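Heads up, the sequence shown is in the numbering used here, so the first residue is 2 and it goes up one at a time. Okay, structure first, notes after.
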Amino acid sequence: MSRSLPPLNALLAFEAAAHSGSFTAAAKQLGSTQSAISQQIRGLEEALGKPLFTRIYRGVVLNESGEALYGAVSSGFDQIRETVKKLQQVSGKRRINVATDFACAAYWLVPRLSSYREQHPDTEVRIITAHSYTAFEDADDVDLLIRYCSVPPKLGTAIPLFHEEVYPICSPYFLKEYGDVKSHKGLAQLPLLALRQDHAAGWMDWVRLFEQRGSQVLPSKPIMEFDNYTLLVQSAIAGQGVGLGWGTLIDDLVERGVLVALSDFSVNTQGGYYLFVSDKSHHEMEGLRALVNWLSVGVNQ
Numbered sequence: 002m003s004r005s006l007p008p009l010n011a012l013l014a015f016e017a018a019a020h021s022g023s024f025t026a027a028a029k030q031l032g033s034t035q036s037a038i039s040q041q042i043r044g045l046e047e048a049l050g051k052p053l054f055t056r057i058y059r060g061v062v063l064n065e066s067g068e069a070l071y072g073a074v075s076s077g078f079d080q081i082r083e084t085v086k087k088l089q090q091v092s093g094k095r096r097i098n099v100a101t102d103f104a105c106a107a108y109w110l111v112p113r114l115s116s117y118r119e120q121h122p123d124t125e126v127r128i129i130t131a132h133s134y135t136a137f138e139d140a141d142d143v144d145l146l147i148r149y150c151s152v153p154p155k156l157g158t159a160i161p162l163f164h165e166e167v168y169p170i171c172s173p174y175f176l177k178e179y180g181d182v183k184s185h186k187g188l189a190q191l192p193l194l195a196l197r198q199d200h201a202a203g204w205m206d207w208v209r210l211f212e213q214r215g216s217q218v219l220p221s222k223p224i225m226e227f228d229n230y231t232l233l234v235q236s237a238i239a240g241q242g243v244g245l246g247w248g249t250l251i252d253d254l255v256e257r258g259v260l261v262a263l264s265d266f267s268v269n270t271q272g273g274y275y276l277f278v279s280d281k282s283h284h285e286m287e288g289l290r291a292l293v294n295w296l297s298v299g300v301n302q
C-alpha cells in the first residue's frame, strides 16, 4: 500500500506551500530551502501526472487538482497531529514545543531549563529555533513563542519577560590591547561587529545606539557581519571586535569574565522579549501552565 503513496517529505512540502502560497515561506517553515521544496513538489506533480499549482508573481495558488489533494493531506496531517498529542498526554509524558531565536535559546532559555525539568519530570520541553520569527507564524506544533519585540505588543496578547538594555561588549584581551574606551569617537573607531540587517529582527544596531545616546558621531562600518547572534558573540569572545550585547541574554558571560560590558555606553529602550501562548495549544495542560508561570519569573531564577 505504501508504494501507492507519494513520499512523506513531498506531501509535507506540498501542504506547507499550499497553506502559505509560497515555496519560500514553506522552506522557512520546514527548515529547508526554496530549491528543495520546488524539487519535491515537482516530483509530486510528476508522480501524479498533473500540475497542482498555478505559478503567480511571488507565489503560487492551488489549481483544481491541488485543492483536492490539499483537502485530503491537510485533514490527514491534522488528525495525525491531534492523535500524537493525545497519545503523549495519555502516556504521561507531555511535550511542550517552545520556539524562539538562536540567541535567546542559547544564552537565556537552555541554561535555565534544568530547574524546570527537575520540578516537572513528566513534561518534555522541545526547543525550536530559527533565524526569523516568520518561520513560526504558521507552525502548528508551536505551543509557546518567545520573541523580541521592538515595541511592546498590545496588552493581554503577551507576557513580558525582560526589557531591552543594550551595551557594547568585547573580550578582556581585546580591551587590554585597545585600552579603555572613553568617548563615542573612540568607540566608533574600534573594529565593530554587527548583525546583518535582514537578520536583525528590529534589534538595536550601531547607528541607532549612537543616535539614542545623543551622539553626533557616526560609527565606522562593521568589519564583520553575521546572520546569527550567537556567532557574533563568539567572535567577540575570540577578541575579533566589539559587538552589541543584550542585557539578561549575556549577563552570565559578563559575570564570569568571558566578556566585558562597556556599560558607560548602554541604552535602554521600550523593546524586549515577550512570551506568547499559541491559540492551538492545550491551555489546560498542567505542564504548559507550569512552564508559562516558570518562564514569567525565569529572569530572576
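All C-beta atoms, glycine included, are put in the ideal place defined by N, C-alpha and C. Since the structure is predicted, the reported quantities are computational estimates derived from the model, not experimental observations.
Length of the line joining the Cα atoms of residue i and residue j
{"i": "E166", "j": "I129", "result": "25 Å"}
{"i": "D206", "j": "E65", "result": "47 Å"}
{"i": "P7", "j": "D252", "result": "49 Å"}
{"i": "L9", "j": "E212", "result": "51 Å"}
{"i": "A131", "j": "A104", "result": "10 Å"}
{"i": "S21", "j": "F266", "result": "43 Å"}
{"i": "C150", "j": "E83", "result": "31 Å"}
{"i": "G44", "j": "Y134", "result": "29 Å"}
{"i": "D144", "j": "K87", "result": "15 Å"}
{"i": "G67", "j": "E47", "result": "13 Å"}
{"i": "V85", "j": "V261", "result": "47 Å"}
{"i": "S5", "j": "R59", "result": "33 Å"}
{"i": "D102", "j": "E226", "result": "18 Å"}
{"i": "T158", "j": "F277", "result": "7 Å"}
{"i": "L191", "j": "D123", "result": "50 Å"}
{"i": "V182", "j": "Q120", "result": "45 Å"}
{"i": "Q30", "j": "N229", "result": "18 Å"}
{"i": "N269", "j": "R214", "result": "10 Å"}
{"i": "E178", "j": "G248", "result": "24 Å"}
{"i": "S3", "j": "L49", "result": "Caution applies to S3, whose pLDDT of 49 falls short of 50 and renders its modelled position unreliable; the model cannot decide the point."}
Residue range of the unbroken beta strand (DSSP E) whose run includes residue i
{"i": "D102", "result": "95–102"}
{"i": "R56", "result": "54–57"}
{"i": "R148", "result": "145–150"}
{"i": "V61", "result": "60–63"}
{"i": "A195", "result": "194–196"}
Sequence-distant residues of the same chain with beta carbon closer than 8 Å to residue i, five excluded per side
{"i": "Y174", "result": "G240"}
{"i": "I81", "result": "none"}
{"i": "E16", "result": "Y71, V74, S75, F78"}
{"i": "G273", "result": "Y149, C150, P153, P161, L162, F163, H164, E165"}
Beta-carbon contacts of residue i that lie in its chain and below 6 Å, excluding the five residues immediately before and after
{"i": "S216", "result": "H185"}
{"i": "A107", "result": "T231"}
{"i": "F24", "result": "A18, Q35, I38, S39"}
{"i": "A189", "result": "V218, P220, S221"}
{"i": "I160", "result": "L276, S297"}
{"i": "L12", "result": "V74"}
Cut-off 7 Å between Cβ atoms - residues of its own chain near residue i, not counting five sequence neighbours on either side
{"i": "W295", "result": "Y117"}
{"i": "W204", "result": "Y149, L196"}
{"i": "L193", "result": "W207, P220, S221, P223, I224, G242, V243"}
{"i": "P154", "result": "Y275"}
{"i": "F137", "result": "A100, A131, V143, L146"}
Cβ-Cβ separation, residue j to residue i (assumed contact under 8 Å), whole Å
{"i": "P223", "j": "V208", "result": "With 8 Å as the limit, P223 and V208 do not qualify as a contact, their Cβ atoms being about 11 Å apart."}
{"i": "Q41", "j": "A14", "result": "4 Å"}
{"i": "L233", "j": "G244", "result": "5 Å"}
{"i": "G288", "j": "R127", "result": "Not really, about 12 Å apart at Cβ, beyond 8 Å."}
{"i": "L162", "j": "S279", "result": "With 8 Å as the limit, L162 and S279 do not qualify as a contact, their Cβ atoms being about 16 Å apart."}
{"i": "L97", "j": "L250", "result": "Leu is not the amino acid found at residue 97; the sequence shown has Ile there. Not a contact, Cβ separation roughly 22 Å."}
{"i": "Y168", "j": "S236", "result": "Their Cβ separation, rounded to whole angstroms, is 17 Å, which puts Y168 and S236 out of contact at 8 Å."}
Start-to-end residues for the alpha helix (DSSP H) that takes in residue i
{"i": "Y179", "result": "173–179"}
{"i": "E189", "result": "Note on residue identity: the sequence assigns Ala, not Glu, to residue 189. 185–189 is the extent of the alpha helix (DSSP H) around A189."}
{"i": "Y230", "result": "230–238"}
{"i": "L210", "result": "207–213"}
Ordered list of alpha helix (DSSP H) runs contained in the stretch 100–141, each at least 4 residues: 111–120
Start-end ranges of the alpha helix (DSSP H) lying completely within the stretch 5–52, minimum 4 residues: 9–21, 24–31, 35–49
Which ranges does the beta strand (DSSP E) cover as unbroken runs of at least 3 residues, wholly within the stretch 242–279, from first to last along the chain? 244–247, 268–278
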